[in-house]
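Participant: Structure incoming, see below.
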Amino acid sequence: MKTIGFIGVGVMGKSMVRNLMKKGYRVTIYARTKEKVQDVIDDGALFCESIKACVKNKDAVITIVGYPKDVEEVYFSQEGVLNSAAKGTYLIDMTTTTPSLSVKISEEAQTKGLKALDAPVSGGDTGALNATLSIMVGGDKTDFETCKPVFEAMGTTIIYEGQAGSGQHTKMANQIAIAGIMAGVSEAIAYGNKVGLDIPTMIDSIKNGAAQSWHMTNNAPKMHKREFEPGFYIKHMVKDLKIANEEVANLKVLEDVLEMYETLEKKGDGDLGTQALCKYYEK
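Okay, structure coming up:
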């Protein structure tokens, strides 16, 4: 496997493209606005003006776009991936989307002689930059094994989850866990502020004990400093948690944190990083 078409060259996608090129893959990209991806083109990626041209005669196609509706358009439009890729092409959707849509893509791919995997990721912009993403893969296991070197160019934890849609279900579990942790960290800082603690000292005191987590170490200091640049957008967390809530109802932490993030999104904070959840406690 040598040639890859890549669709969705955003905050994470740019780093993923660069890491693929570092491993020797020839990467062709598609974006609606060429100027926004000029830096990646300068680094060696080839640019195409259409999805059809981007996926033509590639060994694999990787997509990582925003919302399920974007995935639908990219895959099912007249000149989309499913109608343009050559037989035998591996289709790897790394978007966090609905499990049912991943199954739909897989089933349609099979009718066209294509091989589809759902492979959502966790690790944010930092994981994409450092090629340390966690990648959760659903689909045929033989196809997973064939594509594993591609995944290893972008991540360090690559796990086969099961049949089509299983990668997405695992990502939903991941997002629910993150939501609870992020709310706990935000609430701990809110408590510390209300009782007059020195917050950096508080964080240093608890981050290596039983309260230890990636978010306590990395996002708690950002919350205190009010550094809300997005490694992962609030608007995308809302999207993910809504998908999870539709899949399985009556999960209390999921419902509560979704409501918090929706409140912030309605106030215009959707483009902030998820660590801005601490703003919810500033009412």
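Sequential numbering of the sequence shown, starting at 1, is according to full-length UniProt numbering. Built from N, CA and C at the ideal position, the CB exists for glycine as well. This one's a predicted model, so the numbers in the text were calculated from it and none came from an experiment.
Going by Cα to Cα distance, which pick from 22, 203 and 74 is closest to residue 222?
Facilitator: It is 203.
Participant: Quick one: Cα of residue 2 to Cα of residue 26, how far?
Facilitator: The straight-line gap from Cα to Cα measures roughly 6 Å.
Participant: Could I get the ranges of all uninterrupted beta strand (DSSP E) runs contained in the segment 67–110, with 3 residues as the minimum, in chain order?
Facilitator: Those beta strand (DSSP E) runs which fall completely within the segment 67–110 and span 3+ residues are 90–93.
Participant: Taking 8 Å as the limit between beta carbons, can you name the residues of its chain near residue 300, skipping five residues before and five after?
Facilitator: Residue 300 is absent from the structure shown; the chain starts at 1 and stops at 283.
Participant: Which runs of the beta strand (DSSP E) at least 3 residues long sit entirely within the segment 122–157? Give them in chain order.
Facilitator: Here the runs fully enclosed are 133–139.
Participant: I need the straight-line Cα distance from residue 129 to residue 195, nearest angstrom please.
Facilitator: About 38 Å.
Participant: Under the three-state reduction of DSSP, which class applies to residue 25: helix, strand or coil?
Facilitator: Correct three-state label for residue 25: coil.
Participant: What separation, rounded to the nearest whole angstrom, lies between the Cα atoms of residue 18 and residue 197?
Facilitator: In a straight line, the C-alpha of residue 18 is about 43 Å away from that of residue 197.
Participant: If residue 84 sits next to residue 52, beta carbons under 8 Å apart, how far is it from one beta carbon to the other, in whole angstroms?
Facilitator: Indeed, because the Cβ distance is near 4 Å, the residues count as touching under 8 Å.
Participant: Spell out the partners DSSP gives residue 3 in its beta bridges.
Facilitator: DSSP lists 26 as partners of residue 3.
Participant: If the criterion is Cβ atoms closer than 8 Å, does the pair residue 102 and residue 138 meet it?
Facilitator: Yes. Within cutoff.
Participant: Kindly list the residues whose CB is nearer than 7 Å to the CB of residue 179, restricted to its own chain and excluding five residues on each side of it in sequence; keep chain order.
Facilitator: Result list for residue 179: 241, 253, 254 and 257, in chain order.
Participant: Which residue's Cα is closest to the Cα of residue 22: 181, 34, 10 and 45?
Facilitator: Among 181, 34, 10 and 45, the Cα nearest to that of residue 22 is on 45.
Participant: What do you get for residue 219, buried or exposed, if any count of 16 or more other CB atoms within 10 angstroms of its CB means buried?
Facilitator: Flag for residue 219 reads buried.
Participant: Does the Cβ-Cβ distance between residue 199 and residue 224 come in under 8 Å?
Facilitator: Taking 8 Å as the Cβ cut-off, residue 199 and residue 224 qualify as a contacting pair.
Participant: Out of curiosity, what's the CA-to-CA distance linking residue 69 and residue 170?
Facilitator: Between residue 69 and residue 170, the C-alpha separation is close to 20 Å.
Participant: Return helix, strand or coil for residue 190, following the three-state DSSP convention.
Facilitator: Helix.
Participant: Under the DSSP definition of a beta bridge, which residues are partnered with residue 288?
Facilitator: What the structure shows of the chain is the stretch from 1 to 283, and residue 288 is not part of that stretch, so it cannot be assessed.
Participant: Please identify the residue among 34, 230, 6 and 71 whose C-alpha is closest to the C-alpha of residue 274.
Facilitator: Out of 34, 230, 6 and 71, 230 has the C-alpha closest to the C-alpha of residue 274.
Participant: Quick one: using the 10 Å Cβ neighbour count with 16 as the cut-off for buried, is residue 15 buried or exposed?
Facilitator: Per the 10 Å Cβ criterion, buried.
Participant: So for residue 220, helix, strand or coil by DSSP?
Facilitator: Looking at residue 220 - three-state DSSP - the assignment turns out to be helix.
Participant: Mapping the DSSP letters down to three states, classify residue 170 as helix, strand or coil.
Facilitator: Residue 170 falls in the helix class under three-state DSSP.
Participant: Among the residues of its own chain, which have a CB less than 7 Å from the CB of residue 166, if the five just before and after it don't count?
Facilitator: Same-chain partners within the cutoff: 138.
Participant: With H, G and I counted as helix, E and B as strand and the rest as coil, what does DSSP make of residue 63?
Facilitator: The answer is strand: DSSP assigns residue 63 an E or B state.
Participant: Please classify residue 227: does DSSP put it in a helix, a strand, or coil?
Facilitator: Here residue 227 sits in coil by DSSP.
Participant: Taking the alpha carbon of residue 282 as the reference point, which residue from 208, 187, 251 and 215 has its own alpha carbon closest?
Facilitator: Of the candidates 208, 187, 251 and 215, the one whose C-alpha sits nearest the C-alpha of residue 282 is 187.
Participant: By a C-beta neighbour count over all protein chains shown, 10 Å radius and 16 as the cutoff for buried, is residue 106 buried or exposed?
Facilitator: The residue in question, residue 106, is buried, as its Cβ has 16 or more Cβ neighbours within 10 Å.
Participant: At which residues does the alpha helix (DSSP H) containing residue 272 begin and terminate?
Facilitator: Residue 272 -> no alpha helix (DSSP H), and no H or E assigned at all.
Participant: Tell me the residue span of the alpha helix (DSSP H) that contains residue 54.
Facilitator: Here the alpha helix (DSSP H) through residue 54 covers 51–55.
Participant: Tell me the rounded alpha-carbon separation between residue 34 and residue 133.
Facilitator: If I take the Cα positions, the gap works out to 26 Å.
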